[in-house]
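Quick note, in my numbering, the sequence shown goes up one by one and the last residue is 95.
For every residue, glycine included, the Cβ atom is placed at its ideal position computed from N, Cα and C.
Since this is a predicted model, take the numbers as computed values, not measurements.
Below: one structure, written as structure tokens.
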Amino acid sequence: MAYCEKPWFKLWPKNVPTTLKYPEVTLPQVLEKSANDYPDKPAIIFEDIALTYKKLNENVNRFASALQDLGVKKGDRVAVYLLNCPQFIIATY
Numbered sequence: 003m004a005y006c007e008k009p010w011f012k013l014w015p016k017n018v019p020t021t022l023k024y025p026e027v028t029l030p031q032v033l034e035k036s037a038n039d040y041p042d043k044p045a046i047i048f049e050d051i052a053l054t055y056k057k058l059n060e061n062v063n064r065f066a067s068a069l070q071d072l073g074v075k076k077g078d079r080v081a082v083y084l085l086n087c088p089q090f091i092i093a094t095y
């Protein structure tokens, strides 16, 4: 969409950018960095449980290893059918 096709930009304050540049990183890379930078900070708070970035990253890696042990390879599709819970976040990474 060209700038002229986005009329809402005219309503934005002048100091608000109309585009942003993001680094090209994968979701697991973002988690890995957060686990290194903030290992003891809570990443997920669900009911009465807090999961730190370090623990979340460990669980994500454990789940990925389990999938590999089951024969799942890069490019394979894996269906995830879970409620809104920490396990869903772990499976998504």
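Residues near residue i by beta carbon distance below 8 Å, same chain, minus five either side
i: I91; result: I46 and L58
Simplified DSSP assignment, three categories, for residue i
i: P88; result: helix
i: P9; result: helix
i: L58; result: helix
i: D39; result: helix
i: V32; result: helix
i: T94; result: helix
Identity of the residues DSSP links to residue i by a beta bridge
i: F48; result: I51
Residues of its chain near residue i, where Cβ-Cβ distance is below 6 Å and the 5 sequence neighbours each way are ignored
i: T20; result: F11
i: P30; result: Y95
Exposure label - residue i; buried when at least 16 CB within 10 Å
i: Y99; result: Not covered by the structure: residue 99. The range shown for the chain is 3 to 95.
i: A81; result: exposed
i: A37; result: buried
Nearest residue (CA-CA) to residue i, options the options
i: L84; options: K8, A93, Q31 and I51; result: A93
i: D78; options: A66, P88 and Q89; result: A66
i: C87; options: E7, I51 and L22; result: I51
i: L69; options: Y95, L22 and P9; result: Y95
i: R100; options: T28, P15, Q89 and W14; result: One cannot answer for residue 100 here, as it falls past the ends of the chain, which runs 3 to 95.
Distance cut-off 6 Å: residue i Cβ against heavy atoms of the ligand NAD
i: K35; result: The ligand NAD is absent from the structure shown, which contains no ligand whatsoever.
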